[in-house]
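Comments concern the structure below.
Residue numbers (the working numbering), protein chains in the order written: chain A, 6 to 180; chain B, 16 to 144.
Here is the structure:
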C-alpha cells in the first residue's frame, strides 16, 4: 500500500517518519498559514547578522530588572488599543489580554500569568540575592505589522520608561 | 520584540529575550536569548508550575552574565511533554482546513476594510494561530 501523501505545512520538520523533536519553523508556517487565507504580502521579519551588545555595568545582584511583554493589560483600554503601557509590577496581575496574540491555542493556555510574565519569579530571585530588585513597573509592547512603528515609536518609548525607572537590565518575553 | 531588544541594547541597557520561536530570533539576531522549547504562549514555564518557572528564570538571569557577542543563544533543558505532536500542529494547513482558511481570509479582509474606513490607526500582525 502506498503511504498517503502528507501535503500539510510542517516547516522545520525533518523527513523522519516520526521525528521526536525539531525546532518549529514559525516564519514559514506563518507564511503558509496566511497564504492559505489568500494573503500574499507577507510580514517581513527583521533580519540582521550582528547585534548591538552592552555588557552589564554592575553585578547582577545589584541590578534593577524590568520586564517587557507582548501581552496587553486586561482592561477596556488594553483590549481596545494595543500599545506600550507601563503597569505596576505588584500585585502580580491575575490576567493579561493575550487573545489577539499568536500562540499555540490548541495545546496550552495563558491563564497563569507566571507562565509568560516572570514577576513573581523575579521577586523570588531578588529575595535570594540573585538580582537586585524587580522594577516597580513592567511594560507592554504591541507586536506590530509595521517595523517602523516598533523602531520609531514603541522602542524609544520603552527606552524612556526604562530610564525613568532607572532600569539596569531588561528581560523581554514575547509570547 | 527583537527590534526593541536591539534598540535598548544600543542605548546602553543590556537585554535578554526568553522565547520559544528560535527561528525568528536567529533571523533577527538579538543580544542574548534563552530558548524554551515549548509551544508558543508559556516561555516562562508550564502554567502553574512555579518550580519550573523559577528554574527558567534563574537560568535566564545566569545567561545575562554568561552570554557574549559570540555565545548569545542558550537552550533551557526543560521539556514540554513526552508527546511531541504539538510541533506539527501549529498553524497547520492541510486538506481538512484549506477551505475554512480561505473563507476566514475573506472575512478578515472585509473586517480590515471596515476598520480602515472607520479610521483604525494600527493593524495587528497576527491574530490567530
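Backbone N, C-alpha and C fix where the C-beta goes; we use that ideal spot for every residue, glycine too.
Secondary structure of residue 48 of chain B, DSSP reduced to three states | strand
Considering residue 158 of chain A, what are the terminal residues of the alpha helix (DSSP H) in which it resides?
-> That residue, residue 158 of chain A, is in no alpha helix (DSSP H); it is neither H nor E in DSSP.
Tell me whether residue 65 of chain B counts as near the ligand NAD, meaning its Cβ is closer than 7 Å to at least one heavy atom of that ligand.
For the structure depicted, the ligand NAD is absent and the ligand set is empty, with no information on it obtainable.
**Prompt:** Expressed to the nearest angstrom, what Euclidean distance is found between the alpha-carbon atoms of residue 51 of chain A and residue 145 of chain A?
**Reply:** 20 Å
Discussion item. Using only the alpha-carbon positions, how far apart do residue 67 of chain B and residue 54 of chain B sit?
Written reply: 15 Å
Q.
My assumption, with CB atoms under 8 Å, is that residue 119 of chain B sits in contact with residue 82 of chain B. Please give the rounded CB distance.
A. Incorrect: roughly 41 Å between the Cβ atoms, too far for contact.
State buried or exposed for residue 105 of chain B, treating a residue as buried only when at least 16 other CB atoms are found within 10 Å of its CB.
buried
task = Spell out whether any CB of chain A is found under 8 Å from the CB atom of residue 45 of chain B.
result = yes
*Buried or exposed (CB count within 10 angstroms, at least 16 for buried), residue 47 of chain A*: exposed
- Partners in chain E for residue 133 of chain B, counting only beta-carbon separations shorter than 8 Å: No chain E is present in this structure, whose protein chains are A and B.
| query | Which parts of the segment 125-153 of chain A are runs of the beta strand (DSSP E), unbroken and 3 residues or longer, counting only runs that do not cross its ends? | reply | 142-145
*Straight-line gap, residue 64 of chain B to residue 111 of chain B (C-alpha atoms, nearest Å)*: 35 Å
(message) Please tell me whether residue 101 of chain B has its Cβ less than 8 Å away from any Cβ of chain A.
(response) yes
query = Does the segment 130-143 of chain A come within contact of the segment 36-47 of chain A, defined as at least 3 CB pairs closer than 8 Å?
reply = no
* Would you check if the segment 82-94 of chain A and the segment 55-64 of chain A touch, i.e. whether three or more CB-CB distances between them fall below 8 Å? => no
Problem set entry | Given residue 41 of chain B as reference, the closest of B/22, B/24 and B/18 once Cα atoms are compared | B/18
- Item | C-alpha distance - residue 99 of chain A paired with residue 74 of chain A, whole-angstrom precision | 15 Å
Of all Cβ atoms in chain A, is any one closer than 8 Å to the Cβ of residue 128 of chain B? no
Hey, residue 78 of chain A and residue 142 of chain A: beta-carbon distance below 8 Å or not? no
Could you say which of B/20, B/24 and B/107 lies nearest to residue 112 of chain A if we only look at CA atoms? B/107
(Q) Against chain B, with Cβ distances strictly below 8 Å, would residue 53 of chain A count as a contact? (A) yes
Could you round the C-beta distance between residue 34 of chain B and residue 62 of chain B to whole angstroms and report it? I think they count as a contact, below 8 Å. Incorrect: roughly 17 Å between the Cβ atoms, too far for contact.
Q: Please confirm whether residue 39 of chain B and residue 50 of chain B have their CB atoms less than 8 Å apart.
A: no
Using a Cβ cut-off of 7 Å, pull out every chain B residue sitting near residue 49 of chain A, in sequence order please.
-> By Cβ distance, chain B contributes nothing, its closest Cβ being about 10 Å from residue 49 of chain A, past 7 Å.
- Message: Please state the DSSP three-state secondary structure of residue 90 of chain B.
- Response: strand
*Any Cβ of chain B within less than 8 Å of the Cβ of residue 140 of chain A?*
no
Residue 180 of chain A - DSSP class collapsed to helix/strand/coil: coil
Cβ atoms of residue 78 of chain B and residue 89 of chain B: under 8 Å apart, would you say? yes
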